[in-house]
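Numbering (the working numbering), first residue to last: 24 to 426.
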């Protein structure tokens with residue numbers, strides 16, 4: 024990975040998106056050090072040579088069940104989810120992994136087809152299935168165990184009122200369920216479907232004792248953030264991969280924690296050019312003339328149109344705060360606020376600053392709206408795709424915005 028210029032708060036321009044990028048080295052949902060297997064990393068790592076979290080993928084495991092130690096076969100064939108998982112792993116982001124054909128999945132298939140000289144249909148047709156066949160051994164789902172330390176995380180509801188948001192220390196995840204869904208590039212609803220009655224699909228057919236019985240039968244608590252899932256619980260999740268973090272690859276500790284929390288690995292392709300298409304809602308990343316990654320995006324609006332042209336990347340801000348200025352956002356005069364950082368902040372976990380004043384590329388607290396809702400002029404991706412893109416680009420990467 025090329026060295027990247029990190030721009031501090033004082034030098035990032037106020038964006039049309041309301042961005043006032045500042046460095047923040049803290050993971051907004053980090054558990055206490057007493058329970059960590061690797062205290063110097065701030066979370067339980069997968070191993071001494073892989074600083075991803077303990078739920079990281081392990082394609083060499085015979086049962087494909089992560090480190091849960093239990094082989095629980097998925098009773099359902101999930102062909103679309105399996106394709107989404109593979110596309111996500113190889114850089115053609117399907118957005119939220121939900122086992123359904125939709126715009127983001129069609130875009131991902133289109134990118135894969137273009138990159139592999141296939142007829143571009145956006146469909147999971149026979150030739151595309153054949154080209155994806157080399158990844159057939161990657162199942163759609165795997166079983167993992169939610170880290171015990173997640174039980175010590177303090178989750179807080181985020182108020183609607185901007186002034187009250189500004190009083191918070193961070194805009195972190197509001198529940199363990201939400202944090203878990205973002206970790207596996209999906210939604211809480213999909214995770215519930217994969218874990219009926221709080222157990223991994225197929226668990227009742229294994230003939231093994233169910234370690235989740237006591238948790239499923241326990242009375243609900245009043246602790247903020249409690250939901251369907253609990254720390255220590257064994258659950259089925261989309262089998263996302265490419266999440267390994269090489270020790271020493273990430274110099275910013277807070278950013279490493281964020282990548283681990285998003286299931287984003289340290290090894291990403293270096294790209295020379297990215298092209299954002301307003302009409303197609305896509306961001307394509309190239310090495311020379313070769314398409315190596317593509318993501319669905321939201322870009323611009325009637326009030327703040329995407330600035331067509333060529334731009335430079337000035338730098339990145341990890342876990343940035345957000346400067347809320349109603350006048351800049353086209354809402355008229357009003358009080359300005361500095362909102363704290365966090366994955367539920369208006370620009371998500373990362374801001375990629377552009378030479379076009381007030382514009383950047385960033386994440387979002389609402390991944391299921393990508394490609395379906397307008398942005399305030401900037402280019403918006405899911406948090407995990409934005410984090411992945413941040414590992415691909417550098418100040419030498421050319422940025423092209425097209426109609």
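Just so you know, even glycine gets a beta-carbon here, dropped at the ideal spot from N, CA and C.
- Looking at the DSSP output, residue 317 sits in a beta bridge with 115, 307.
- In this chain, the alpha helix (DSSP H) harbouring residue 213 covers 211-217.
- Of 224, 422, 193, 285, the smallest CA-CA separation from residue 331 is found for 422.
- By the criterion of a C-beta distance shorter than 7 angstroms, residue 415 is surrounded in its chain by 291, 292, 293, 294, 308, 316, once the five residues flanking it on both sides are discounted.
- Per DSSP, the continuous alpha helix (DSSP H) segment holding residue 280 begins and ends at 276-285.
- In the DSSP annotation of this structure, the continuous segment of the beta strand (DSSP E) that includes residue 374 starts and ends at 373-377.
- Counted as a single uninterrupted DSSP element, the beta strand (DSSP E) harbouring residue 362 occupies residues 360-362.
- Counting along the chain, residue 222 sits inside no beta strand (DSSP E), nor does DSSP assign it H or E at all.
- The C-beta of residue 205 has 16 or more other C-beta atoms within 10 Å across all chains shown, which makes the residue buried.
- Residue 258 is a Cβ neighbour of residue 169, given a cutoff of 8 angstroms.
- By the criterion of at least three beta-carbon pairs nearer than 8 angstroms, the region 213-222 is not in contact with the region 129-139.
- Residue pairing by DSSP places residue 341 opposite 373 in a beta bridge.
- DSSP lists no beta-bridge partner residue for residue 65.
- Approximately 5 angstroms separates the beta-carbon atoms of residue 117 and residue 110; this is inside 8 angstroms, confirming the contact.
- Residue 421: member of the beta strand (DSSP E) spanning 421-425, first to last residue.
- By the Cβ neighbour-count rule, residue 410 is buried, with 16 or more other Cβ atoms within 10 Å of its own.
- Judged by DSSP in its simplified three-state form, residue 257 adopts strand.
- Buried is the label assigned to residue 260, since at least 16 other Cβ atoms lie within 10 Å of its Cβ.
- In the DSSP assignment, residue 299 is bridged to 306, 424.
- Counting the other CB atoms within 10 Å of its CB gives residue 342 a total of 16 or more, which places it among the buried residues.
- CA-CA distance, residue 251 to residue 200, rounds to 7 angstroms.
- Judged by beta-carbon spacing, residue 367 lies beyond the 8 angstroms limit of residue 113, meaning their Cβ atoms are not closer than that value.
- The three-state reading of DSSP puts residue 103 in helix, counting H, G and I together.
- Membership of residue 226 in any beta strand (DSSP E) is not indicated, and neither H nor E is assigned to it by DSSP.
- Shown here for residue 137: same chain residues with a beta carbon closer than 7 angstroms to its own, the five before and five after excluded, namely 143, 314 in chain order.
- By the Cβ-count criterion, residue 311 is exposed, with fewer than 16 other Cβ atoms from all chains shown falling within 10 Å of its own Cβ.
- When the beta-carbon positions are compared, residue 266 and residue 80 come within less than 8 angstroms of each other.
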